[in-house]
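A.B. asks: Protein chains in written order, with this note's numbering: chain A, 84 to 504; chain B, 6 to 155.
#1: Relative to the alpha-carbon of residue 147 of chain A, which residue among A:153, A:159, A:154 has its alpha-carbon at the smallest distance?
#2: The alpha helix (DSSP H) that contains residue 348 of chain A, what's its start and end?
#3: Within 10 angstroms of its Cβ, does residue 88 of chain A collect 16 or more other Cβ (buried), or is it exposed?
#4: Give the DSSP-derived three-state secondary structure of residue 66 of chain B in the structure shown.
#5: Can you pull out the residues from the region 43-58 of chain B whose beta carbon lies closer than 9 angstroms to at least one beta carbon of chain A?
#6: Checking contacts by CB at 8 angstroms: is residue 93 of chain B closer than that to chain A?
#7: Looking at residue 252 of chain A: is its Cβ nearer than 8 angstroms to the Cβ of residue 287 of chain A?
#8: Decide if residue 374 of chain A is buried, meaning its Cβ has at least 16 other Cβ atoms within 10 Å, or exposed.
#9: Considering residue 36 of chain B, what are the terminal residues of the alpha helix (DSSP H) in which it resides?
#10: Between which two residues does the beta strand (DSSP E) holding residue 156 of chain A run?
#11: Applying the 10 Å Cβ sphere with the 16-neighbour rule, what's the burial state of residue 428 of chain A?
#12: Any idea if residue 145 of chain A is buried or exposed, counting beta-carbon neighbours within 10 angstroms, 16 or more meaning buried?
#13: Is the CB of residue 146 of chain B under 8 angstroms away from at least one CB in chain A?
#14: How many whole angstroms separate the CB atoms of residue 424 of chain A and residue 434 of chain A, which I take to be in contact at a CB cut-off of 8 angstroms?
#15: Nearest to residue 231 of chain A by CA position, among A:327, A:254, A:198, A:185, is which residue?
#16: Closer than 9 angstroms, Cβ to Cβ, to anything on chain B: give me those residues from the region 462-476 of chain A, in chain order.
#17: Below 8 angstroms on the Cβ atoms is my guess for residue 275 of chain A versus residue 292 of chain A; work out the distance and round it to an integer in Å.
#18: Considering just the uninterrupted stretch of the beta strand (DSSP E) at residue 492 of chain A, what are its terminal residues?
#19: According to a CB-to-CB cut-off of less than 9 angstroms, which residues of the region 10-28 of chain B neighbour chain A?
#20: How is residue 11 of chain B classed by DSSP in three states: helix, strand or coil?
#21: With a threshold of 6 angstroms on Cβ separation, who are the neighbours of residue 330 of chain A within its own chain once the five nearest residues in sequence on each side are excluded?
#22: What first and last residue would you give for the alpha helix (DSSP H) that runs through residue 390 of chain A?
#23: What does the Cβ neighbour count give for residue 301 of chain A, buried or exposed, with the cut at 16 atoms within 10 Å?
#24: Skipping 5 residues on each side, what residues in its chain have a beta carbon closer than 7 angstroms to that of residue 512 of chain A?
#25: Would you kindly work out how many angstroms separate the C-alpha atoms of residue 370 of chain A and residue 238 of chain A, rounded to a whole number?
#26: Among residues of its own chain, excluding the 5 on either side of residue 139 of chain B, which ones have a beta-carbon nearer than 6 angstroms to its beta-carbon?
#27: Beta carbon of residue 402 of chain A, beta carbon of residue 482 of chain A: below 8 angstroms?
#28: Which same chain residues end up closer than 7 angstroms to residue 507 of chain A when comparing Cβ atoms and leaving out the 5 residues on each side of it in sequence?
#29: Please determine if the region 463-479 of chain A and the region 9-29 of chain B are in contact, where contact requires at least 3 C-beta pairs separated by less than 8 angstroms.
#30: Which class does residue 21 of chain B belong to by DSSP, given the choice of helix, strand or coil?
#31: Note down, in chain order, all residues in the region 60-94 of chain B with a beta-carbon under 9 angstroms from any beta-carbon belonging to chain A.
#32: What does the alpha-carbon distance come out to for the pair residue 134 of chain B and residue 497 of chain A?
#33: Please identify the residue among A:211, A:445, A:164 whose C-alpha is closest to the C-alpha of residue 261 of chain A.
#34: Would residue 14 of chain B and residue 85 of chain B qualify as a contact pair, given that the criterion is a beta-carbon distance under 8 angstroms?
#35: Between residue 495 of chain A and residue 454 of chain A, which are expected to be in contact by the criterion C-beta below 8 angstroms, what is the C-beta distance as a whole number of angstroms?
#36: Taking only runs of the alpha helix (DSSP H) that begin and end inside the region 413-451 of chain A, which ones reach a length of at least 4 residues, in chain order?
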């Protein structure tokens, strides 16, 4: 069967938002049973499921258009190049970026942050300087800066979180010093769901002339992003958390920075001309895209962004917020539950522990009932350490989750309480 | 498909709630630590020997029900065994949780350890059950390092 002639129904703003319809119509993977139960996928902060529109865009690319980009004069190469560059323009629109030249495709958020740390970071940060992050960060927004600080003899400093899992603007401002040369923070915390006041943090840094890098991995699926309004210097996100494929993501950077930064990796594509004596680098963004890129991934990402934009991120956010309120009330009422992360502004994440049972036992019992959650440290060990726990259970929501899913989660947790109570 | 009750048998729930030999030994003849970086489980095992016989064995640590119960049942099983018997039991237990009960010869009596027969059906949980066994093995081999599952 070829997939190209199957009709894909696409969402639109004109239809009322109905998660159950989107789930059944657009997400084939969710239409299955796990251990005899309807699959309830609540691990969206780890990775999201992919709508038919994304799967088919990738299949169509490989069935009709596959070729290398920016190289051939033949038709397929032109189509592949067109698809790849159209995807870049979709990323630009999604982020509100002033120019398409400012969008660099990467493997994901981690690679994007590593790119900034090892080029821009190395030029800006020197011995005795400080790089400021927050206590909420994912390992991918800690380790690259740690590596940079070690290499440059600089110090990594941390704006602390409070008991709610909030970094207040006061705490953030207090952590900025005269030595701070770079600031990096997550827009939304992956472990707790806290939404940082990104605009305010950015303004505080920029008042002092400090460039700002934002890790948007968890924000992209939940919030409308506008890098121009945020005022930051760099913004990174991953495709797979926003209903796109794995192995593709993007970095937005201000053109003035990207122009002056040294390349990240050397190879094909990133050059204008090469002799054994000298290489002239390509213009941005190609200067930062060494080697044959993940063309199918970029096209899949473009389709994903088109998909969520067609539904409307504001409607997705409102729906997920309803689910979060429902889950917070119902799960919070169970005996022995402790919610971790009670910030007033959260996006799509409910993290908790249960007195009687370890998160891994909870994860196994929920899985037996078809409910997929994450149990562990969520690649944010400093956050776990702050709360004095080795791990939490994390239920995280996406556009296709429903009230029924929350009920299944709560019923599963009631069984945990019964078994371990 | 296996039932949840095959994994969380009464004995396991009981040992999780009231772990046996859950204490340190002040000056142990042998000790080792185990760590599962993926889930944060930590365990320390202490052993006293008389000749090549295990006369006391205890543990401390924090982990899930499977890892706590595995450690607790293990300390009961190993007490009084020789080093060779302990190694043989390690091999049997390892086979039980990685390959399942059918992989073991009929004449092997695992005693209470048989309650871990269900673990084999949960590949993500095998390390929970086996970490403490790898740790005690390191202690008995007098390796002074932290055992990790990764």
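For each residue, glycine too, the CB sits at the ideal point set by N, CA and C.
C.D. replies: Concretely, from the data shown:
#1: Minimum Cα distance to residue 147 of chain A is reached at A:159.
#2: First-last for residue 348 of chain A: undefined, no H or E at that position.
#3: Bear in mind that a pLDDT of 49 at residue 88 of chain A, under 50, signals an unreliable position, so the number given afterwards is only what the model happens to contain. Around the CB of residue 88 of chain A, fewer than 16 other CB atoms lie within 10 Å, so the residue is classed as exposed.
#4: Correct three-state label for residue 66 of chain B: strand.
#5: Residues of the region 43-58 of chain B that bring their beta carbon within less than 9 angstroms of a beta carbon in chain A comprise 43, 44, 45, 46, 47, in sequence order.
#6: In terms of beta-carbon proximity, residue 93 of chain B stays away from the interface with chain A, with every pair separated by 8 angstroms or more.
#7: Between residue 252 of chain A and residue 287 of chain A, the C-beta spacing is below 8 angstroms.
#8: Using a 10 angstroms sphere on the CB of residue 374 of chain A, the tally of other CB atoms stays under 16, which defines it as exposed.
#9: Boundaries for residue 36 of chain B: no alpha helix (DSSP H) harbours it, while the beta strand (DSSP E) harbouring it runs 35-41, taken from the DSSP string.
#10: No beta strand (DSSP E) holds residue 156 of chain A; DSSP gives it neither H nor E.
#11: The residue in question, residue 428 of chain A, is exposed, as its Cβ has fewer than 16 Cβ neighbours within 10 Å.
#12: Flag for residue 145 of chain A reads exposed.
#13: No, no contact with chain A.
#14: Between residue 424 of chain A and residue 434 of chain A the beta-carbon gap is near 5 angstroms, inside 8 angstroms, which marks them as a contact.
#15: Residue A:198 is the option with its Cα nearest to residue 231 of chain A.
#16: Residues 464, 467, 472, 473, 474.
#17: Incorrect: roughly 30 angstroms between the Cβ atoms, too far for contact.
#18: First-last for residue 492 of chain A: 486-503, but that is the alpha helix (DSSP H), not the beta strand (DSSP E).
#19: Cβ contacts with chain A: 10, 12, 13, 18, 21, 22.
#20: If DSSP states are grouped into helix, strand and coil, residue 11 of chain B belongs with the helices.
#21: Cβ neighbours of residue 330 of chain A beyond the five flanking positions: 190, 377, 380.
#22: Start and end: 378-394.
#23: A residue is called buried once 16 or more other Cβ atoms fall within 10 Å of its Cβ, and residue 301 of chain A is buried on that count.
#24: Summary: the structure shown does not reach residue 512 of chain A, with chain A confined to residues 84 through 504, and so no result is reported for it.
#25: Those two C-alpha atoms are separated by around 29 angstroms.
#26: Within the same chain, residue 139 of chain B has close Cβ partners 152.
#27: Closer than 8 angstroms, so yes.
#28: There is simply no residue 507 of chain A to check, as chain A begins at 84 and stops at 504 in what is shown.
#29: The count of Cβ pairs closer than 8 angstroms, one atom from the region 463-479 of chain A and one from the region 9-29 of chain B, stays below three, leaving the stretches out of contact.
#30: Note: residue 21 of chain B maps to helix in three-state DSSP.
#31: Sequence-ordered contacts of the region 60-94 of chain B with chain A read 67, 68, 69, 70, 71, 72, 73 [C-beta pairs closer than 9 angstroms].
#32: Approximately 25 angstroms between the Cα atoms of the pair.
#33: For the options A:211, A:445, A:164, the alpha carbon positioned closest to that of residue 261 of chain A is the one of A:211.
#34: The answer is no: Cβ separation not under 8 angstroms.
#35: Indeed they touch by this definition, with Cβ atoms about 5 angstroms apart.
#36: With a minimum length of 4 residues, the continuous alpha helix (DSSP H) runs that stay inside the region 413-451 of chain A are 442-451.
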